[in-house]
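A.B. asks: I have a structure I would like to understand better, so I am pasting it below and will then ask my questions one at a time.
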Amino acid sequence: LSTGVPLMVHMLETSKDYVITKRLASVLSHCYGPAPIPAVPPMDVTLSTHLDSHFLDNEDMSDVTFMVEGRPFFAHRVLLLSASERFRQMLADSPDNIIHISHMTYGTFQVMMRSLYSGGTEGMKMSPSEATKLLPVAAFFQLRRLQRCCETTLSQSLTLSNAVSIYQAAKLHGGAELCRFSQGFFLQNMDLLLDREDFHRLLLGGVRKSPSPAGNQPGLRQNQDPPLLKDLEAVLIRRLYQLHAACRW
10 LSTGVPLMVH MLETSKDYVI TKRLASVLSH CYGPAPIPAV PPMDVTLSTH
60 LDSHFLDNED MSDVTFMVEG RPFFAHRVLL LSASERFRQM LADSPDNIIH
110 ISHMTYGTFQ VMMRSLYSGG TEGMKMSPSE ATKLLPVAAF FQLRRLQRCC
160 ETTLSQSLTL SNAVSIYQAA KLHGGAELCR FSQGFFLQNM DLLLDREDFH
210 RLLLGGVRKS PSPAGNQPGL RQNQDPPLLK DLEAVLIRRL YQLHAACRW
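As numbered in my numbering, residues 10 to 258 make up the sequence shown, in order.
Next comes the structure, spelled out in structure tokens:
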């Protein structure tokens, strides 16, 4: 495995023949196998403080006001201080206890705060669209459990058409488990994904080259060492070791 898989990955990276590239992708997918991709694991992080949902956006007894899209959202210091370092820093930087939020919608902010006031994300249901909006918010506010909930939802909604955008969002916002799951999806479906321009560009760079009679004309490559390929190589080797113990010897 330590030589065979890297050799196949190198051949895939350097191939200038589209047909050969597709066949190599098919072999890598076959090696990964049809067994389920390991799921995004849940995160057992319980807030040390939580308030009854009655207090959510309730001006009574609130001592912090967020301004989002020009609208006030009332909150409580005691909860925010226990939630994350990001909130603690915001409170320290706002002596008047008014915090302006400018990079998200009021609705998304409201959903995020609801998860805080309920003590976490247990039983929380969200659509893939909501998870896409909440992932960067959870990452920004350093709400690890909410972020993991978003990763779980998005991992369950991966398709050939959205896999690249979800993977890129996970990379951008530090969703390590969603990245890992996406890489498994890439390997399991690489042959089909290579027909898509966005995946071909992500994996190999340049523009996908269609089959041609010549078959040996140079393809267009921009990245000499695509980092995703190296990640996929490591994922595949680890997968084979896990599924086939004899490969260790």
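In this text, a Cβ means the ideal position worked out from N, Cα and C, and glycines have one as well.
Taking all protein chains shown into account, do 16 or more other C-beta atoms lie within 10 angstroms of the C-beta of Pro104, making it buried, or fewer, making it exposed?
C.D. replies: exposed
A.B. asks: Would a C-beta distance cut-off of 8 Å place Tyr41 and Glu78 closer than the cut-off?
C.D. replies: Their beta carbons are not under 8 Å apart, which means Tyr41 does not touch Glu78 by this criterion.
A.B. asks: Look up Arg80 in the DSSP assignment and say whether it is helix, strand or coil.
C.D. replies: Note: Arg80 maps to strand in three-state DSSP.
A.B. asks: With 16 as the cutoff for other CB atoms within 10 Å, does His109 come out buried or exposed?
C.D. replies: exposed
A.B. asks: Per DSSP, what kind of secondary structure is Val87 in: helix, strand or coil?
C.D. replies: DSSP, read as helix, strand or coil, puts Val87 in helix.
A.B. asks: Applying the criterion that 16 or more other CB atoms from any shown protein chain within 10 Å of the CB defines a buried residue, is Lys239 buried or exposed?
C.D. replies: exposed
A.B. asks: Looking only at C-alpha atoms, which of Val36, Leu245, Thr141, Val87 sits nearest to Gly184?
C.D. replies: Thr141
A.B. asks: Please report the distance separating the alpha-carbon of Asp200 from that of Tyr126.
C.D. replies: 45 Å
A.B. asks: May I ask you to report which of helix, strand or coil DSSP gives Thr74?
C.D. replies: strand
A.B. asks: Using the rule of at least 16 other Cβ atoms within 10 Å of the residue's Cβ for burial, across every protein chain shown, is His19 buried or exposed?
C.D. replies: His19 counts as exposed, since fewer than 16 other C-beta atoms from the protein chains shown sit within 10 angstroms of its C-beta.
A.B. asks: Using alpha carbons as the reference points, say which of Asp61, Gln177, Pro45, Val146 lies closest to Leu211.
C.D. replies: For Leu211, the nearest C-alpha among the options comes from Gln177.
A.B. asks: Taking the alpha carbon of Leu8 as the reference point, which residue from Leu249, Gln192, Arg86 has its own alpha carbon closest?
C.D. replies: Lying before the first or after the last residue shown, residue 8 is absent from the chain, which here runs from 10 to 258.
A.B. asks: Compute the Euclidean distance between the alpha carbons of His112 and Ser138, then round it to the nearest angstrom.
C.D. replies: 17 Å
A.B. asks: Helix, strand or coil: which one does DSSP assign to His109?
C.D. replies: Collapsing the DSSP output to three states places His109 in a strand.
A.B. asks: Using a 10 Å radius around the Cβ and a threshold of 16 neighbouring Cβ atoms, would you call Val87 buried or exposed?
C.D. replies: Counting C-beta atoms within 10 angstroms of its own C-beta, Val87 has fewer than 16 neighbours from the protein chains shown and is therefore classed as exposed.
A.B. asks: Under 8 Å between the Cβ atoms of Ala34 and Leu213?
C.D. replies: Not a contact, by the Cβ cut-off of 8 Å.
A.B. asks: Just to confirm the assignment, what range does the alpha helix (DSSP H) spanning Ser191 have?
C.D. replies: 185 to 197
A.B. asks: Could you pull out every residue in the same chain whose Cβ sits closer than 6 Å to the Cβ of Pro81, ignoring the five residues on either side in sequence?
C.D. replies: Thr74
A.B. asks: What distance in whole Å lies between the Cβ atoms of Val244 and Asp207, which are believed to be in contact at a cut-off of 8 Å?
C.D. replies: Actually they are not in contact, since the Cβ atoms of Asp207 and Val244 sit about 20 Å apart, beyond 8 Å.
A.B. asks: Indicate the three-state DSSP secondary structure (helix, strand or coil) for Gln165 in the structure shown.
C.D. replies: Three-state result, Gln165: coil.
A.B. asks: Would you mind reading off the limits of the alpha helix (DSSP H) that contains Thr23?
C.D. replies: Counted as a single uninterrupted DSSP element, the alpha helix (DSSP H) harbouring Thr23 occupies residues 13 to 23.
A.B. asks: Could you check whether Arg205 and Gln151 sit closer than 8 Å to each other, using their CB atoms as the reference points?
C.D. replies: no
A.B. asks: Apart from the five residues just before and just after Thr162, which ones in its own chain have a Cβ nearer than 7 Å to its Cβ?
C.D. replies: Met135, Pro137, Ala140
A.B. asks: So what does DSSP say about Met122, is it helix, strand or coil?
C.D. replies: The answer is helix: DSSP assigns Met122 an H, G or I state.
A.B. asks: By a C-beta neighbour count over all protein chains shown, 10 Å radius and 16 as the cutoff for buried, is Ser170 buried or exposed?
C.D. replies: exposed
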